[in-house]
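Some notes on the structure that comes next.
Residue numbers (the working numbering): 263 to 475.
Here it is, written out as structure tokens:
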């Protein structure tokens, strides 16, 4: 390999047609440290090749976007892949990840069951006090609320773990209202799963009919 003298130092001149040397990934106390988009994409490909990519993330592009989505919420790469879910084409976050994202802003948290068990008034009340705030945010979700939303008795978690779902819905409302800057209005995966799927094809057909009229 030829060399040339640059500013008194020997510099290596790349061989024509040779592949550029890949930069090495830095390692910190919390794992890999990415310093470029190339680093992120290389890691995303590694996740795909390892077989550890969650369902819905079958391409390096999807993994990289999920990592970025989580990073904007303060989540490290693998935590992003574990907690980000794509529901009906929308990136969402599993509900159990929400408290962790807001933990550094939280002064106090409590939840309690309200109403009579088995009655429409039964539900969960969540109280959150944010650091630096005098008034807490209080939100509740009851069986009556679940029925009104068409959730009560719905096949799946609402039938298998109804009390847990009441808690998660009340907790999500409270956290989202108490920490709008941290959560940025995102929906949880549990909420998105309960939303009716939109028939986009039908909407386009209707549009074409109107245009052709």
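Just so it is clear, CB atoms sit at the ideal spot from N, CA and C, and this is done for glycine as well.
Quiz item: How would you label residue 466, buried or exposed, when you count the other beta carbons within 10 angstroms and need 16 or more for buried?
Solution: The residue you call residue 466 lines up with position 204 of the chain shown. The pLDDT assigned to residue 466 is 40, lower than 50, so where the model puts this residue is not dependable, and the model offers no usable value.
Quiz item: Is the segment 384-402 close to the segment 354-372, with three or more CB pairs under 8 Å?
Solution: yes
Practice problem: Reducing DSSP to helix, strand and coil, say where residue 407 ends up. | Solution: The sequence position of residue 407 within the chain shown is 145, counting from 1. In the structure shown, residue 407 sits in a helix (DSSP, three-state: H, G or I).
Quiz item: beta strand (DSSP E) containing residue 422: first to last residue?
Solution: For the purposes of this step, residue 422 is identified with residue 160 of the chain shown, where counting begins at 1. Note, residue 422: premise wrong, no beta strand (DSSP E); alpha helix (DSSP H) at 419-422.
Quiz item: Looking at the unbroken alpha helix (DSSP H) that takes in residue 442, where does it start and where does it end?
Solution: Numbered from 1 along the chain shown, position 180 holds the residue referred to as residue 442. Run containing residue 442: 442-445, per the alpha helix (DSSP H) assignment.
Self-check item: Environment of residue 412 [buried if 16+ CB atoms lie within 10 Å]
Solution: Position 150 of the chain shown, counted from the first residue, corresponds to residue 412. Under this definition residue 412 is an exposed residue.
Quiz prompt | Length at least 3, wholly inside the segment 312-367: the beta strand (DSSP E) runs in chain order | solution = Entirely contained in the segment 312-367, the beta strand (DSSP E) runs reaching 3 residues are, in chain order, 346-349 and 352-355.
Quiz item: So, do the segment 332-351 and the segment 401-419 have three or more beta carbon pairs nearer to each other than 8 Å?
Solution: no
Self-check item: Helix, strand or coil at residue 453 according to DSSP, with G and I counted as helix
Solution: Here residue 453 refers to the residue found at position 191 of the chain shown. In this structure, residue 453 counts as helix in the three-state DSSP scheme.
Practice problem: State the DSSP-derived secondary structure class of residue 434, mapped to helix, strand or coil. | Solution: Along the chain shown, one-based indexing puts residue 434 at 172. When DSSP states are grouped into helix, strand and coil, residue 434 belongs to the helix group.
Quiz prompt | Beta-carbon proximity list for residue 382, same chain, < 8 Å, skipping 5 on both sides | solution = What you label residue 382 is simply residue 120 of the chain shown in a count that begins at 1. Beyond the five residues adjoining it in sequence on each side, residue 382 comes within less than 8 Å, by CB distance, of 404, 405, 406 and 409 in the same chain, given in chain order.
Quiz item: With distances taken between CB atoms, is the gap from residue 377 to residue 366 smaller than 7 Å?
Solution: Here the question's residue 377 lines up with position 115 in the chain shown. Here the question's residue 366 lines up with position 104 in the chain shown. For residue 377 and residue 366, no; Cβs fall outside 7 Å.
Practice problem: Could you say if the segment 418-430 and the segment 319-329 meet the contact criterion of at least three C-beta pairs nearer than 8 Å? | Solution: Counting Cβ pairs under 8 Å, fewer than three are found: no touch.
Quiz item: CB-CB under 6 Å to residue 468, same chain, minus the five flanking residues each way: which ones, in chain order?
Solution: Locating residue 468 in the chain shown gives position 206, where the first residue counts as 1. With a pLDDT of 46 at residue 468, under the threshold of 50, the predicted position of this residue should be treated as unreliable, and no value is reported.
Quiz item: Can you tell which of 436, 316, 353 and 454 has the C-alpha that lies nearest to the C-alpha of residue 398?
Solution: Mapped onto the chain shown, residue 398 falls at position 136. Among 436, 316, 353 and 454, the Cα nearest to that of residue 398 belongs to 436.
Practice problem: Alpha carbon to alpha carbon, how far is residue 322 from residue 309? Give it in angstroms, no decimals. | Solution: Against the chain shown, residue 309 aligns to sequence position 47. Against the chain shown, residue 322 aligns to sequence position 60. Their backbone Cα atoms lie some 8 Å apart in a straight line.
Exercise. Identify which residue in 331, 347, 354 and 346 has its Cα closest to the Cα of residue 448.
Key: For the purposes of this step, residue 448 is taken as residue 186 along the chain shown, with counting starting at 1. Closest by alpha carbon: 354.
Self-check item: Inter-residue Cα distance where the pair is residue 364 and residue 313
Solution: On the chain shown, position 102 is the one that residue 364 refers to. On the chain shown, position 51 is the one that residue 313 refers to. Cα to Cα, the separation comes out at about 31 Å.
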